[in-house]
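Comments concern the structure below.
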Amino acid sequence: MQLDYTKTTTRPFADVVKAVEEEAMKRSFRTLHIHNVQATLAEKGFDIPPYSIVEVCNAGFAYKAISAHTPIGMMLPCRIVVFEEEGVNKVMLMKPTLMSEIMPDADLGSLPQDVEEILKQVVDEVAA
9 MQLDYTKTTT RPFADVVKAV EEEAMKRSFR TLHIHNVQAT LAEKGFDIPP YSIVEVCNAG
69 FAYKAISAHT PIGMMLPCRI VVFEEEGVNK VMLMKPTLMS EIMPDADLGS LPQDVEEILK
129 QVVDEVAA
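Numbered per the numbering used here, the sequence shown finishes at 136, counting up by one with no gaps.
Below is the structure:
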């Protein structure tokens with residue numbers, strides 16, 4: 009089971025995070041929150057390279073998913089992680105199709121695949 013869809017980029021870290029937000033918005037996904045994990049851990053004395061989690065949501069898709077199977081909310085919103093590893097910035101999407109694999113009784117139809125294709129476009133555009 010492939011958990012992620014990941015691309016690398018040479019763009020500066022802050023630009024990548026901003027681009028995730030902008031590209032998601034172009035595809036009708038709203039950014040709910042950006043977690044600056046590096047800063048949060050630094051407050052506790054832990055030092056890691058740049059690392060942010062961008063939570064994005066499309067209300068229509070979320071409504072359909074929750075209406076089909078209420079517990080699916082445990083897997084929402086969608087997350088795109090931006091992090092630096094060995095001097096390279098990576099953009100990683102947790103694949104929405106995992107919802108169907110983890111919760112096979114959920115009657116989600118093509119929804120996870122549809123969302124995944126859109127968010128892969130976001131990752132591809134950001135990494136380009």
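Note that beta-carbon positions come from the ideal geometry of N, C-alpha and C, so glycine has one too. From a predicted model like this one, the values you see are computed outputs, not experimental measurements.
First and last residue of the uninterrupted beta strand (DSSP E) at D23 = On the sequence shown, residue 23 is found 15 positions in, with the first residue counted as 1. Where D23 is concerned, there is no enclosing beta strand (DSSP E), although the alpha helix (DSSP H) it sits in stretches over 21–34.
Rounded C-alpha distance that separates T78 from Y71 | Taking the first residue of the sequence shown as 1, we reach residue 78 at position 70. Taking the first residue of the sequence shown as 1, we reach residue 71 at position 63. Between the alpha carbons of T78 and Y71 lies a gap of roughly 10 Å.
Nearest candidate by alpha-carbon position, reference Q10, set T17, M102, M83 = Locating residue 10 in the sequence shown gives position 2, where the first residue counts as 1. Per the Cα distances, M102.
Per DSSP, the bridge partner or partners of K15 = Your numbering for residue 15 matches position 7 in the sequence shown. K15 is bridged by DSSP to V99.
Length-filtered (3 minimum) beta strand (DSSP E) runs lying within the stretch 44–95 = Correct list: 59–65, 86–93.
Taking the alpha carbon of N66 as the point to measure from, which residue in A27, D132, L84, T105 has its own alpha carbon closest?
-> Numbered from 1 along the sequence shown, position 58 holds the residue referred to as residue 66. Ranking A27, D132, L84, T105 by Cα distance to N66 puts L84 first.
With DSSP as the reference, label L40 as helix, strand or coil.
-> Indexing the sequence shown from 1 puts residue 40 at position 32. Here L40 sits in strand by DSSP.
Three-way DSSP call (helix, strand, coil) for A114 in this model = Counted from its first residue, the sequence shown places residue 114 at position 106. In this structure, A114 counts as coil in the three-state DSSP scheme.
Alpha carbon to alpha carbon, how far is E94 from P120?
-> Mapped onto the sequence shown, residue 94 falls at position 86. Mapped onto the sequence shown, residue 120 falls at position 112. Taking the straight line from one Cα to the other gives about 32 Å.
What is the DSSP secondary structure of A135, counted as helix, strand or coil?
-> For the purposes of this step, residue 135 is taken as the residue at position 127 of the sequence shown. Secondary structure of A135 (DSSP, three-state): helix.
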